[in-house]
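Structure first, then comments.
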Amino acid sequence: MSDPVLHVKNLSGGYDPVQIFQEIDLILHQGESAGIFGPNGHGKTTFLKTLSGLIDPWSGTIRFHGDLMNREGERGSRKWRNFNYDAVTRRRMDPKKVAWAGLIHVQQGNLMFPELTVDETLSISSEAARGRDGWTPEQVRDLFPRVAERRGHKIRFLSGGERQMVSVAAGLLSAPRLLILDEPTLGLSPKIRQELCDAILKVRKTGMPIILIDQDVGFLEQIIDTLYLFDHGRISGRMTREEMPDHDGLMALLFGEHH
Amino acid sequence: MDAATLFSVLQGGLVLGALYALMATGLSLVWTTLGIFNFAHGAFIALGAYIAWQFSSADAWNLPLLPAILLTSAVMFAVGALMHFLLVKPFERRADVVLISVITTLAASAILENGLLLIWGPRSKQIPPLGEGEVVLGQISLSTSEVILLVLVLAILLGIGLFLRYARPGRIMRAVSQNREAAELLGLNVPLYFAIAFGLSAVTAGLAGVFVGTIRFMNPAMGSEPLMKALIVVIFGGVARFSSPIYAAFIIGLLEAFSIYVVGLYWAPAVLFFTMIVVLLIKPEGLFGKHQRTL
């Protein structure tokens, strides 16, 4: 059997000295997609930032298509606390290498580059792919006609939904082999939200593995094969799409019957 | 004030403004991209002047001025990039990187200035002037070297502006300065572009040093007063965009030239600081400033 797309084993991390999440195990096989569902402020975003290398993991391993993304071993936190961690030890993970491997993280509520135009942003993203096979600019424009219409505008002048679309488009252009979407539909109007959901569904149908964080169970159901429940910095449950209860059921699983 | 005096004050102000523009641009390039303030910028100014002297002076390697300036730029770019890896990169992920880089760049400034003294000695030096003779336009005559200086500075600033606007690395530098995390997540090589920004900044400082060296005598501490002025320019103008320190530099340069004429050399800095305070009271982000800082 081929290596899983993403294999996270026993991963712990946070912002030193505060640990945010611990002992996370997550596996994503070829052609699958996973969802993460959990309350706000419990470390989902920090976990994703660790996956993409923005924050060094404390312990555990991240394997992407079989390749180790971080340096193994415990991070010496207590002993080194009074030293300059970066000068004394090497960094345990490099975000650009993670992105070059094809693990692309589209951040939550990302402002992108406010003073750059849509076109400039998209061309930078294609350059960041460094010749690896990604989506072509034409494909992305077809996927997001709304973004294509505003190509000459600065991102600062776009609406929240359009900005989110630019983020996803930029992610697609930088040649992903796994797309991590962190609450892409947060705070959008229903119409724009539907457009974005349809586009993400189209991306999913091309066979692109996706890790999706969202609060909308209906949307999650359309995209994912496996759902992880994320609670207090731990994975508290794992279920297939068929086993997924409705929104109230999930809330009951997370908070007990009387939430 | 008669027309001739007015013109010579104006001319002095423009030359000062051009030099300040070059210095302030380099300073704000690092400030907008890396978010740190480079106190070694003044030492870079002196270093550039001394390297250019080494290349061009009849007492040293005696190259013509143009190749000397180009070689100086190349050396300064390398020095700037190296300084980024020595002074800023090791601390970039710390929360107090701004404070630490104040200390490291101040240290580098002291080391560089004393190094200059050690290598080239305390004797005053001067770089050969950019041109000789005068350009006569009707009733006005201008010294050729000052005209060349003005043209060169404007060309350099225009070149940097076009580079940032249209060239691929320039565009990526703007992206990195606006949202570092997003750039990292796309797989852009952020440390490389930081090093390029630092290198470019050192080049502008070095060139400013060369131009100062052609009109004044050089000493290892020659950069500290211009650094102060460049700082005033950056604060006064704000750093909303690449061009805002440039306008501010010419305003400050002209203001300085006129206040020297009106209130004398000793009170001119007081006028500058007073103007800066008034501007900051009214527009805290600087004259052309906006909250968002970008290249």
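Respectively, the protein sequence lines represent chains A and B. With the working numbering as the guide, the letters of the first sequence map in order to residues 1351 to 1609. With the working numbering as the guide, the letters of the second sequence map in order to residues 725 to 1019. Note that the Cβ used here is the ideal one computed from N, Cα and C, for glycine as well.
Pairing Ala-805 of chain B with Leu-978 of chain B, the inter-Cα distance amounts to about 33 angstroms.
Contact annotation: Val-1468 of chain A and Arg-1442 of chain A have beta-carbon atoms that are not nearer than 7 angstroms. Considering only A:Glu-1592, A:Leu-1528, A:Gly-1510, A:Tyr-1578, the residue with the shortest C-alpha distance to Leu-1538 of chain A is A:Gly-1510. Closer than 7 angstroms to the CB of Met-1558 of chain A there is not a single CB belonging to chain B. Taking every protein chain shown into account, the CB of Leu-1005 of chain B has fewer than 16 other CB atoms within 10 angstroms, so this residue is exposed.
Taking C-alpha positions only, Leu-1493 of chain A is separated from Ala-1549 of chain A by approximately 6 angstroms. For Ser-967 of chain B, DSSP assigns no beta-bridge partner whatsoever. Counting along the chain, the unbroken alpha helix (DSSP H) around Lys-953 of chain B starts and ends at 948–961. Using a Cβ-Cβ distance cut-off of 8 angstroms, the region 794–803 of chain B and the region 925–932 of chain B are in contact, since at least three pairs of beta carbons, one from each stretch, lie closer than that value. Closest in C-alpha terms to Gln-1369 of chain A, from the list A:Gln-1572, A:Tyr-1578, A:Thr-1471, A:Lys-1394, comes A:Lys-1394. In this structure, DSSP gives Asn-838 of chain B a helical state, which the three-state scheme calls helix. Within the model, the alpha-carbon separation for Ile-769 of chain B versus Ile-1573 of chain A is close to 58 angstroms.
Contact of His-1455 of chain A with chain B is assigned, a C-beta pair being separated by under 7 angstroms. Sequence-ordered contacts of the region 1459–1471 of chain A with chain B read Asn-1460, Leu-1461, Met-1462, Phe-1463, Pro-1464, Glu-1465, Leu-1466, Glu-1470, Thr-1471 [C-beta pairs closer than 8 angstroms].
The beta carbon of Pro-1487 of chain A sits no closer than 7 angstroms to any beta carbon of chain B. By the neighbour-count criterion, in which a residue is buried when 16 or more other Cβ atoms sit within 10 angstroms of its Cβ, Met-952 of chain B is exposed. A distance below 8 angstroms between beta-carbons, with the five flanking residues on each side excluded, links Asn-838 of chain B to the following residues of its chain, in chain order: Pro-944. Between Ile-1563 of chain A and Ile-1386 of chain A, the CB-CB gap stays under 7 angstroms.
If you look at Tyr-1365 of chain A, you'll find it in the beta strand (DSSP E) that goes 1356–1365.
Listed in chain order, the positions of the region 807–840 of chain B with a beta carbon within less than 9 angstroms of a beta carbon of chain A are Lys-813, Pro-814, Phe-815, Glu-816, Arg-817, Arg-818, Ile-824.
Near chain B, meaning a CB-to-CB distance below 8 angstroms, no residue of the region 1529–1541 of chain A qualifies. Assigned with DSSP and collapsed to three states, Leu-811 of chain B falls in helix.
If you draw a 10 Å sphere on the C-beta of Glu-1593 of chain A, you find fewer than 16 other C-beta atoms in it, and that means exposed. For Gly-1013 of chain B, the CB contacts under 8 angstroms within the same chain, skipping 5 residues up- and downstream, are Gly-961, Gly-962, Val-963, Ala-964, Ser-968, Lys-1007 in chain order. His-1392 of chain A has no beta-bridge partner at all, per DSSP. The region 833–850 of chain B and the region 756–775 of chain B touch, with no fewer than 3 CB-CB distances between them shorter than 8 angstroms. Under the Cβ distance rule, Leu-912 of chain B counts among the residues neighbouring chain A, one pair being separated by less than 7 angstroms. When rounded, the separation of the alpha-carbon atoms in Ser-983 of chain B and Met-1000 of chain B is 14 angstroms.
In the structure shown, the three-state DSSP call for Met-897 of chain B is helix. Annotation: Leu-758 of chain B to Gly-1459 of chain A spans about 23 angstroms, alpha carbon to alpha carbon.
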